[in-house]
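Taking it in order: structure first as structure tokens, then the write-up.
Right under this line is the structure:
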């Protein structure tokens, strides 16, 4: 949610601030936690494996982004991938985020 915060009635428009509230605080979108705290399915991009899931994971992410974009007044959204203690297994997180970015950009 985005809004204009009118911080001071005395200062008028010069005190207005464009701000927003993130939809999930700074947490990861549902089904995209790649850490061992709350592990979701990793992105498996080897087409020879039975669990290959790139098309499904990409479409889920794109739909998530579209849904979240409805909460923003601008053409830009923030997709947070954080959370307290989220990156205890940083390698798994970044490896899967790199794959997600690559395959979404390939669309």
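In full-length UniProt numbering, the protein residues as written are 1 to 107.
The beta-carbon is built from N, C-alpha and C at its ideal position, and this holds for glycine as well.
For this session: Just grab the DSSP bridge partners of residue 23 for me.
Result: Start at 1 with the first residue of the chain shown, and residue 23 comes out as number 23. Answer is 25.
For this session: Per DSSP, which residues does residue 3 bridge with? Please list them.
Result: Here residue 3 refers to the residue found at position 3 of the chain shown. Note: residue 3 sits in a beta bridge opposite 19.
Exercise. Hey, residue 29 and residue 71 are a contact pair by Cβ (cut 8 Å); roughly how many whole angstroms apart?
Worked result: Counting from 1 along the chain shown, the entry for residue 29 is found at position 29. Counting from 1 along the chain shown, the entry for residue 71 is found at position 71. Not confirmed; about 13 Å, so no contact.
Exercise. What did DSSP end up calling residue 12 once you bin it into helix, strand or coil?
Worked result: The sequence position of residue 12 within the chain shown is 12, counting from 1. DSSP, read as helix, strand or coil, puts residue 12 in helix.
Exercise. Would you say residue 86 and residue 40 are within 7 Å of each other, going by their C-beta atoms?
Worked result: Sequence index remark: in the chain shown, residue 86 carries index 86 (1-based). Sequence index remark: in the chain shown, residue 40 carries index 40 (1-based). Contact annotation: residue 86 and residue 40 have beta-carbon atoms that are not nearer than 7 Å.
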